[in-house]
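Just add 5 to wherever you are in the sequence shown, counting from 1, and you've got the numbering used here.
Don't be surprised by glycine CBs; every beta carbon is placed ideally from N, CA and C.
Everything on this sheet refers to the single structure shown next.
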Amino acid sequence: MQKPFVLIAGAGPTGLALALWLTRLGARVRIVDKTAEPGTTSRALAVQARTLELYRQLGIAGGLVGGGIRIAGVNLWVKGKQAARLPLGRIGEGMSPYPFALVFPQDAHERLLVECLEAAGLAVERRTELVRVERSGHEVSATLRRPDGSEETCEPAYLAGCDGAASFVREALGIGFPGGTYEGLFYVADVEASGPVADDELHVDFDDADFLLVFPLRGQRRLRLVGFVRAAPGRNVLDKAGREPDELTFADVSDRAIRHLQLEDIEVHWFSTYHVHHRVAHRFRDGRVFLLGDAAHIHSPVGGQGMNTGIGDAVNLAWKLAAALQDRAAERLLDSYEPERIAFAERLVATTDRAFTVVTRQGWLARLVRTRVVPAVLPVLFRLPAARKFIFRTVSQLGVNYRDSMLSVGAAGRVRGGDRLPWVRIDPATDNFAPLAAIAWQVHVYGEAQGRVADACRALGLPLRQFSWGTEMQRAGLRRGALYLVRPDGYVALADPEADPLRLRRYVEERGGAAVLRGARRRPEPAGQLE
């Protein structure tokens with residue numbers, strides 16, 4: 006009899022991350038995708054610090070950092086002149102082992118994840134399409150169309166819909182996807198070009214009518230352009246020659262913003278137009294079927310949040326699915342996925358909506374805010390340590406928390422149940438995140454742990470990680486001698502200032518028993534030292 010397995014529909018970053026985490030946790034996985042090969046265009050670019058921290062648990066963060074570009078600054082341009090520069094550098098110093106903004110294109114990102122999966126013995130089943138989903142009671146069956154046109158029906162223990170904004174899984178379940186579409190047409194282009202903005206920094210042009218973002222890519226003179234499709238005055242570019250948006254070329258794009266940024270010798274390698282949507286699915290779970298990534302939520306590209314949010318979905322769900330598959334958790338553990346992730350998705354859509362509106366809205370007041378207020382105010386904010394810390398926590402997703410989750414209890418210091426475990430450097434080569442490579446429940450104590458705590462951890466099969474107290478721990482918000490029960494994904498489940506062993510036992514008993522907390526049956530490769 007074959008082991009139960011998870012079927013993943015969609016091999017973008019979300020599906021690949023889910024497959025990789027499940028595989029490392031010893032779960033059986035099939036991952037299918039209807040495309041013949043991974044993406045070859047860069048699409049999403051930003052990899053946030055929280056994503057790198059999660060990848061470090063698998064030992065793969067170094068591949069992204071080494072292959073990416075650290076953005077040293079953001080330059081704001083108005084009417085052809087540089088109006089301000091916002092230094093990024095190590096903006097998150099002391100908050101994360103990855104205190105910088107990183108650009109690592111999605112095509113390279115997907116190739117890295119595919120290689121890691123293949124090294125673990127799992128290959129994406131290409132040109133294989135999910136064509137039917139049926140549910141009967143508590144069971145689910147899925148019909149796959151193979152490359153030769155034949156069909157196969159399988160019965161996964163769980164089905165994960167990672168199949169994008171036009172998700173077949175979501176449609177098959179009849180789950181609503183409310184929201185809307187912003188006005189206007191946008192373009193994205195990968196180019197080679199020369200000029201002052203080809204300098205490995207991010208450049209933003211706030212014109213009265215146009216808007217253009219310039220991202221650096223690996224390779225000499227390689228850039229990513231993101232902007233509005235605009236016609237010359239008095240003409241509608243969408244009506245030009247009766248063509249549809251997908252028939253437009255780079256030549257149809259207004260060159261005002263491009264001239265403002267002094268781009269020259271432009272050679273276009275890829276160009277596409279798109280509309281920007283903002284939607285969140287009514288629910289992220291239907292029985293044994295789950296929605297993740299763009300299948301569950303889409304929003305504006307402001308802040309580079311989309312791909313990272315999908316990867317966060319994958320990690321949140323992976324350890325819970327693995328525990329359920331391996332009979333280490335009751336089904337109710339899976340009930341925590343939707344409330345934890347849908348709450349963040351809804352906040353994210355609302356936040357990016359406000360930012361996107363500021364960037365794109367027309368009218369004299371909106372133009373005044375973009376061209377005068379933003380270039381004047383942002384540099385002042387960036388000089389304030391508290392503002393820089395807030396901006397980094399928000400954009401990097403370090404501030405994502407699950408405080409309202411059924412799994413989150415207590416508070417100790419400034420850390421509450423549901424918060425990401427604060428990062429603390431122990432010495433130049435190690436930190437308190439190193440034990441998270443186990444991808445298992447564990448107890449952290451900063452300072453001396455009571456003898457009864459050690460006894461309780463042994464009885465429950467929980468690793469106890471003790472760290473000598475230091476002032477940097479207090480600065481991070483940790484409390485000396487408190488007990489922090491940490492989930493496999495690095496979030497604090499229980500924060501107990503008294504380090505009461507009875508409270509730890511009670512937490513375990515109320516949430517499924519010790520078997521839930523014993524970790525995966527297969528341990529992953531160690532994450533190693535700081536990168």
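With DSSP as the reference, please indicate the residues paired to residue i in a beta bridge.
i: N80; result: R90 and H208
i: G184; result: R284
i: Y60; result: Looking at the DSSP assignment, Y60 forms no beta bridge with any residue, so it has no partner.
i: H302; result: V285
i: S277; result: V193
i: P221; result: L228
i: R150; result: E134 and E156
i: D291; result: V294
i: E272; result: E197
How would you write the range of the beta strand (DSSP E) that residue i sits in, first residue to last?
i: Y163; result: Y163 to G166
i: D112; result: D112 -> not in any beta strand (DSSP E); alpha helix (DSSP H) instead, spanning Q111 to A124.
i: R227; result: R227 to F233
i: L253; result: Looking at the DSSP string, L253 is not in any beta strand (DSSP E), and its letter there is neither H nor E.
i: V34; result: R33 to D38
i: I431; result: R430 to D432
i: V541; result: One cannot answer for residue 541 here, as it falls past the ends of the chain, which runs 6 to 536.
i: L296; result: V294 to L296
i: V414; result: V414 to A417
Quick one: is residue i buried, meaning 16 or more other Cβ sit within 10 Å of its Cβ, or exposed?
i: R527; result: Bear in mind that the predicted position of R527 carries a pLDDT of just 40, short of 50, making it unreliable; the figure below should be weighed with that in mind. Looking at its Cβ environment, which holds fewer than 16 other Cβ atoms inside 10 Å, R527 is exposed.
i: Q111; result: buried
i: K8; result: exposed
i: G166; result: buried
i: Q225; result: exposed
i: D291; result: buried
i: H449; result: buried
i: V385; result: exposed
i: S101; result: buried
i: L25; result: buried
i: F539; result: With the chain represented from 6 up to 536, any question about residue 539 goes unanswered, as that position is not in the structure.
i: K39; result: buried
i: V242; result: Unreliable placement is indicated for V242, whose pLDDT of 48 sits below 50; the coordinate value is still reported in the next sentence. By the 10 Å Cβ count, V242 comes out buried.
i: G239; result: The predicted model places G239 with a pLDDT of 43, which falls under 50 and marks its position as unreliable; any figure quoted below should be read in that light. Exposed.
i: A246; result: With a pLDDT of only 44 at A246, under 50, the local geometry of the prediction cannot be trusted, and the value read off the model is given with reservation. Answer is exposed; the Cβ neighbour count stays below 16.
i: A237; result: Unreliable placement is indicated for A237, whose pLDDT of 44 sits below 50; the coordinate value is still reported in the next sentence. It is exposed - the Cβ of A237 has fewer than 16 other Cβ atoms within 10 Å.
i: R151; result: exposed
i: W369; result: exposed
i: E42; result: exposed
i: V174; result: buried
If you measure between the beta carbons of residue i and residue j, is that distance less than 8 Å?
i: F10; j: R29; result: no
i: L403; j: Y496; result: no
i: V196; j: I271; result: yes
i: Q62; j: L441; result: yes
i: E139; j: S146; result: yes
i: G486; j: E453; result: yes
i: L164; j: L12; result: yes
i: R55; j: S401; result: yes
i: L81; j: V379; result: yes
i: L207; j: V79; result: yes
i: G232; j: L253; result: no
i: F255; j: F276; result: yes
i: P221; j: D210; result: no
i: D318; j: L339; result: no
i: G415; j: D501; result: yes
i: L117; j: I65; result: yes
i: T19; j: G315; result: yes
i: P493; j: W428; result: no
i: L57; j: I76; result: no
i: V37; j: L135; result: yes
i: G85; j: F109; result: no
i: R27; j: L412; result: This sequence places Leu at residue 27; Arg is not what is there. Against a cut-off of 8 Å, the Cβ pair of L412 and L27 comes out as no contact.
i: V405; j: Y489; result: no
i: L268; j: G179; result: no
Could you tell me the boundaries of the alpha helix (DSSP H) in which residue i lies?
i: D318; result: G311 to L330
i: F395; result: P390 to S401
i: H143; result: No alpha helix (DSSP H) holds H143; DSSP gives it neither H nor E.
i: L12; result: Where L12 is concerned, there is no enclosing alpha helix (DSSP H), although the beta strand (DSSP E) it sits in stretches over F10 to A14.
i: F173; result: F173 to L178
i: G71; result: A66 to G72
i: V129; result: From DSSP, V129 is part of no alpha helix (DSSP H); its letter is neither H nor E.
i: I263; result: R261 to H265
i: F438; result: Premise fails: F438 is in no alpha helix (DSSP H) and is neither H nor E.
i: P384; result: V379 to F387
i: A26; result: Going by the sequence as given, residue 26 is Trp instead of Ala. Element bounds for W26: P18 to R29.
Do residue i and the ligand FAD come close, with the Cβ less than 7 Å from some heavy atom?
i: A106; result: Annotation note on the ligand FAD: not contained in the displayed structure, which lists no ligands.
- request: Scan the stretch 448-530 and note each continuous beta strand (DSSP E) run of 3 residues or more that stays entirely inside, going in chain order.
  value: Within the stretch 448-530, the complete beta strand (DSSP E) runs of at least 3 residues are 469-472, 488-491 and 497-501.
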